[in-house]
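The next block holds one structure in the form of structure tokens; read it before the comments.
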Amino acid sequence: MVTTDIYKKEYDVIIVGGGATGAGTARDCALRGLSVLLVERNDYSTGATGRNHGLMHSGARYAVTDGESASECISENMILRRIARHCVEETDGLFITLPEDDLQYQQTFVEACQRAGIRADVIDPDEARRIEPAVNPELIGAVRVPDAAIDPFRLTVANLLDARLHGADTLNYHEVEGLVISQGHVEGVKLFNKLEGTHVEVRGRVVVNAAGIWGQRIAQQAGINISMFPARGALLIFGHRVNNMVINRCRKPANADILVPDDTVCVIGTTSDRIPIETVDDMRVTREEVDVLLKEGIKIAPSLATTRIIRAYAGVRPLVASDNDPSGRSISRGIVCLDHAKRDGLEGFITITGGKMMTYRLMGEIATNAVCAKLGNTAPCVTASQPLPGSEPDAPDQKDATKRYSFGQRAAIGRHGSLAARIEKDNDIDNALVCECEGVTVGEIKYAVHQLHVHNLVNLRRRTRVGMGTCQGKLCSCRAASLMGEFNGNVKAAQEDLAAFLDERWKGMRPVAWGDTLREAQLTSMIYEGLCGLDMAVNMEGKEDVQ
Amino acid sequence: MRMDTVIMGGGLSGLACGISLAKRGKRVTIVASGQSTMFFNGGSMELLGCVNDKTVENPLEAIASLPESHPYHKVGVDRIASIAERVKLLFSDSGIDMTGSANANHWRITPMGIAKPAWLTLNDHLRIDDLNQLPAKRLALMCIRGYFDQPNSMLAEGLRNLGFEVDMIEFTTDDITALRRSPSEMRATSLAKHLVSNNALQRIADQFNNLAENADMVLMPSVFGQSDSSDFQTLQARTNKPLRLVATLPPSVAGMRMMKQLRHYFKMLGGTYLMGDTALSGTFDGDRLTSITTAKLADMPLKADNFVLATGSFISRGLKADFERVYEPILGVDVDADADPEQWTRFGVLQPQAYFGYGVATDNQLRCLKQGKPIQNLRAIGSVLSGHDAVKMGDGTGVSLLTAIAAADQIRENK
Chain D
1 MVTTDIYKKE
11 YDVIIVGGGA
21 TGAGTARDCA
31 LRGLSVLLVE
41 RNDYSTGATG
51 RNHGLMHSGA
61 RYAVTDGESA
71 SECISENMIL
81 RRIARHCVEE
91 TDGLFITLPE
101 DDLQYQQTFV
111 EACQRAGIRA
121 DVIDPDEARR
131 IEPAVNPELI
141 GAVRVPDAAI
151 DPFRLTVANL
161 LDARLHGADT
171 LNYHEVEGLV
181 ISQGHVEGVK
191 LFNKLEGTHV
201 EVRGRVVVNA
211 AGIWGQRIAQ
221 QAGINISMFP
231 ARGALLIFGH
241 RVNNMVINRC
251 RKPANADILV
261 PDDTVCVIGT
271 TSDRIPIETV
281 DDMRVTREEV
291 DVLLKEGIKI
301 APSLATTRII
311 RAYAGVRPLV
321 ASDNDPSGRS
331 ISRGIVCLDH
341 AKRDGLEGFI
351 TITGGKMMTY
361 RLMGEIATNA
371 VCAKLGNTAP
381 CVTASQPLPG
391 SEPDAPDQKD
401 ATKRYSFGQR
411 AAIGRHGSLA
421 ARIEKDNDID
431 NALVCECEGV
441 TVGEIKYAVH
451 QLHVHNLVNL
461 RRRTRVGMGT
471 CQGKLCSCRA
481 ASLMGEFNGN
491 VKAAQEDLAA
501 FLDERWKGMR
511 PVAWGDTLRE
521 AQLTSMIYEG
531 LCGLDMAVNM
541 EGKEDVQ
Chain W
548 MRMDTVIMGG
558 GLSGLACGIS
568 LAKRGKRVTI
578 VASGQSTMFF
588 NGGSMELLGC
598 VNDKTVENPL
608 EAIASLPESH
618 PYHKVGVDRI
628 ASIAERVKLL
638 FSDSGIDMTG
648 SANANHWRIT
658 PMGIAKPAWL
668 TLNDHLRIDD
678 LNQLPAKRLA
688 LMCIRGYFDQ
698 PNSMLAEGLR
708 NLGFEVDMIE
718 FTTDDITALR
728 RSPSEMRATS
738 LAKHLVSNNA
748 LQRIADQFNN
758 LAENADMVLM
768 PSVFGQSDSS
778 DFQTLQARTN
788 KPLRLVATLP
798 PSVAGMRMMK
808 QLRHYFKMLG
818 GTYLMGDTAL
828 SGTFDGDRLT
838 SITTAKLADM
848 PLKADNFVLA
858 TGSFISRGLK
868 ADFERVYEPI
878 LGVDVDADAD
888 PEQWTRFGVL
898 QPQAYFGYGV
908 ATDNQLRCLK
918 QGKPIQNLRA
928 IGSVLSGHDA
938 VKMGDGTGVS
948 LLTAIAAADQ
958 IRENK
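Residue numbers (my numbering), protein chains in the order written: chain D, 1 to 547; chain W, 548 to 962.
Structure representation (structure tokens):
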């Protein structure tokens, strides 16, 4: 649908925020027959959704400290394995006890897991070393739990796609500037279209604030105070995948005690620090954070000491403040759904926050229930049983040895599930590889550009993993930029986009720019500046950060 | 094994230094990892392209104004012109045909169609001497179907901005179509390897003659000539229009070819090139380096009267950085680098980055310093030197070549 037609419509519900929670809420609302508009100020999954471990918690991590969150996690974990299997890699996880940890805690931990309904098998350290060779061999205890890895970008896009298949409209790069309020009712949102530079109002009967940590600002626009607790977490991505299973420390949750395998790489995290709400847009990682992550990471998997770090990144958990805990670790990760009619006397406005990426579906269900209650809709929630697009029961399996897939096709099926069938492969060029690390073809890029709301290379990276692999977009980003320049006929924009993409990568690399990461940076500079002269073609000054 | 000179590093500077010494009858061994930043070369050498954000027109003139710490001052500003001439001779002796002048930069065309100042450019590559007098009016930009390492749309736009009329023409031949079945074959080096037979070249020339009728020059990606320029010459002979190559994204066929030609010439002069080996450590006796060990000759230290460190920058592992410090990993000689890691880099990927200027510290004879004192028989050349910036100043290949020749001279003069 043309954007200007969207502006003219009146929706049952407008959802603010294109992270997992917003996307999950949009899907649920659409499946229950509501007319839905979702708006996102940047690209989808640019907030905390795209800035975490990619860990599908079993809930074990919260079992001791937060039983309610733990139960939610295991129940959602089992649901996601069914409805989002193309986004999930079933790795299982270990909770290891190191000589410096208290082995007594293991008992407490296992009992708490059992109370929450999480399978937790104590295994012999020898067995742990056998099934996960990357683990610190000095471990003195290990518990196996149903942790897994999940791709949050893919998960969010799948929810958005399904919402759209059921009639929802979605707009990225549309920032909410204010709410339309009339006589104590929220009746819509005021939007700024960042791509076109235009301002519009769109009408909706209910507005759902699913903007994560930025939800505090959205609420403020309606004169409502929600006291958020911005808990920042930094993470490091390593250049290849050293571990096959999620590895956690079996102790009270602390800094950098989870190592997650994600596709071709692995991620250690996180730190947890309360930060002022004004600084939530500054995602740059500090040297101190890197220091902590590295020191603790090496304890989990010693080979990390000699593995190249490809980048550092940080996200902000949208926790809701309740006490003066400086780290935020003891705050419940529980879900908070606020009906502002009851709480603040403002009708037609709901905030869904707290929780975790892991419980996005449940958050969507709770928010949708609240919306439906207002609109008198009685349709039941089906998101727990209906598979996401890409994960239908008959979806192809990339590991199916009886099928002859090319590397690119196999990778695309892994990323898009049954939707990979939509990728053009009419001619020899569609099958040509643009990104060798991740097996992204010309056809997949076309599909992403035409059907997955891709406006720039950073969007493309989130949809297809172009430039996410070991080489971090050294050559493929230029190939992709040139192709996008051809698709949309704007070469200058493609060059600026390429520079912005490289700059975004550099933000993540700079905090870890030593060793091989510094080499990679120098190589990138030699190619794009020395050889190509990109620095002479574009002027980056005064440019806003690409999101 | 005792040599006159052992050179650590077989890239552009190591080979230039080795050739210069071997030509005068010295027994030279080069220890080479086999990797080189020439794999990212665009078919040109640069002496000095940019100073204080200003494009340099006359490098010889501009060199005099560089800060004292720049390696060109250690070459000797008054000697630069004559050494630059000797570099041209060295290239032509090696069979590398380049054109250019040290007192007037010309323009090379990058894979993105940007004109960058250059000193020497391969004769088969597009070169512009004067932006107001283009070598052709209308270009046929021949794009190989399915080859993505030439960003065609950017290249065409860049050329148009320079004032050319450009027709972007996609073409393929049966040979290229066959290669395309395997996506990994669509890289410059594979194309260069396969597009060599007379028939394959004829089929390409036929395409050019059919499709580029309206152009007065045919431009195509630099994917020809693994060993020499004969494939290009065959293609040119069969194409009705003047033909020029334009640099691609890595790997650079032209860069690899130049390295092959220099290596060949060095060996012809009697030099020993230990390919795939790396220097690991050295043994010092007072202010002299007596021997080095290499990975493959662990039990047989290489002894020599003189040593040359030509191991390159971080990218080539000639310099290393860990969490806290920048160091030279083989001999532990002194480096010029900021002590505070926060100063190494800055946000803004296209901003000048301090680490590009880091390198080993030398005296005015290019001798490496160890704990502040010069090692009498150890010189550093090329990108491992501090005080220059290949990316922002456009002086990388120039520093490699000029310091190489200067060090060779100093080694001979010291005898």
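Every residue, glycine too, gets a C-beta built ideally from N, C-alpha and C.
Taking C-beta atoms under 8 Å as the contact rule, D:Arg-410 and D:Val-440 fail to qualify, at a distance of about 12 Å. Listed along chain D are Ser-482, Glu-486, each with a C-beta nearer than 8 Å to that of W:Asn-699. According to the DSSP secondary-structure assignment, D:Phe-349 is paired through a beta bridge with D:Val-207. With a minimum length of 3 residues, the unbroken runs of beta strand (DSSP E) contained wholly in the region 637-664 of chain W fall at 645-647, 653-656. In this structure, the alpha-carbon of W:Asp-671 lies about 21 Å from that of D:Gly-533. In the DSSP secondary-structure assignment, D:Ile-309 is bridged to D:Phe-238. Interface annotation for the region 894-915 of chain W against chain D: Phe-894, Gly-895, Val-896, Leu-897, Gln-900, Tyr-902, Phe-903, criterion Cβ-Cβ distance under 8 Å. Taking 8 Å as the upper bound for CB-CB distance, D:Ser-303 and D:Val-242 are in contact here, some 5 Å apart. Among the residues facing chain W, D:Lys-374 is not included, as its CB has no counterpart in that chain under 8 Å away. Secondary structure note for D:Cys-337: its beta strand (DSSP E) is the uninterrupted segment 335-339. Among the CB atoms of chain W, one or more fall inside 8 Å of the CB of D:Gly-530. Contact of D:Lys-9 with chain W is not assigned, every C-beta pair being separated by 8 Å or more. Here D:His-450 is exposed. Its C-beta has fewer than 16 other C-beta atoms within 10 Å. Taking a C-beta distance under 8 Å as the contact criterion, D:Ala-210 and D:Gly-50 do not qualify as a contact pair. The DSSP-derived three-state label of D:Pro-230 is strand.
Remark: C-beta atoms of W:Leu-594 and W:Ala-631 approach each other more closely than 8 Å. Of all C-beta pairs linking the region 235-254 of chain D to the region 373-381 of chain D, fewer than three are shorter than 8 Å, placing the two stretches out of contact. In the assembly as shown, W:Asn-761 is an exposed residue. Its beta-carbon has fewer than 16 other beta-carbons within 10 Å. Shown here for D:Ala-23: same chain residues with a beta carbon closer than 6 Å to its own, the five before and five after excluded, namely Thr-156, Asn-159, Leu-160 in chain order.
Per DSSP, reduced to three states, the secondary structure at W:Ala-851 is strand. For the region 800-877 of chain W, the full-length alpha helix (DSSP H) segments reaching 4 residues or more read 800-815 along the chain.
Rounded to the nearest angstrom, the gap between the Cα atoms of W:Val-793 and W:Glu-608 is 29 Å.
Following the DSSP letters along the chain, one finds D:Asp-121 in no alpha helix (DSSP H) but inside the beta strand (DSSP E) bounded by residues 121-123. With the rule of 3 Cβ pairs closer than 8 Å, the region 687-704 of chain W does not count as touching the region 825-845 of chain W. Contact between D:Ile-352 and D:Met-363 is confirmed by a C-beta separation of about 5 Å, below the 8 Å threshold. Distances from the alpha-carbon of W:Asn-746 to those of W:Thr-720, W:Arg-734, W:Asn-588, W:Pro-768 put W:Thr-720 closest. Between D:Val-206 and D:Val-371, the CB-CB gap stays under 8 Å. For the region 557-588 of chain W, the set of positions with a beta-carbon nearer than 9 Å to some beta-carbon of chain D reads Thr-584, Phe-587, Asn-588 in chain order. Bounds of the alpha helix (DSSP H) holding W:His-620 are 618-622. Residue environment analysis places W:Gly-904 among the buried positions, since at least 16 neighbouring C-beta atoms fall within 10 angstroms of its C-beta.
Under the three-state reduction of DSSP, W:Arg-674 is assigned to strand.
Assignment of W:Lys-601 by DSSP, reduced to helix, strand and coil, places it in the strand class.
Secondary structure at W:Phe-771: coil, using DSSP grouped into helix, strand and coil. Below the 7 Å Cβ cutoff, chain D contributes Arg-510, Ala-513 as neighbours of W:Thr-892, in chain order. Closest in alpha carbon position to D:Ser-45, among D:Met-245, D:Glu-132, D:Arg-154, D:Met-228, is D:Arg-154.
Listed along chain W is no residue with a C-beta nearer than 9 Å to that of D:Val-242; the closest approach is about 19 Å.
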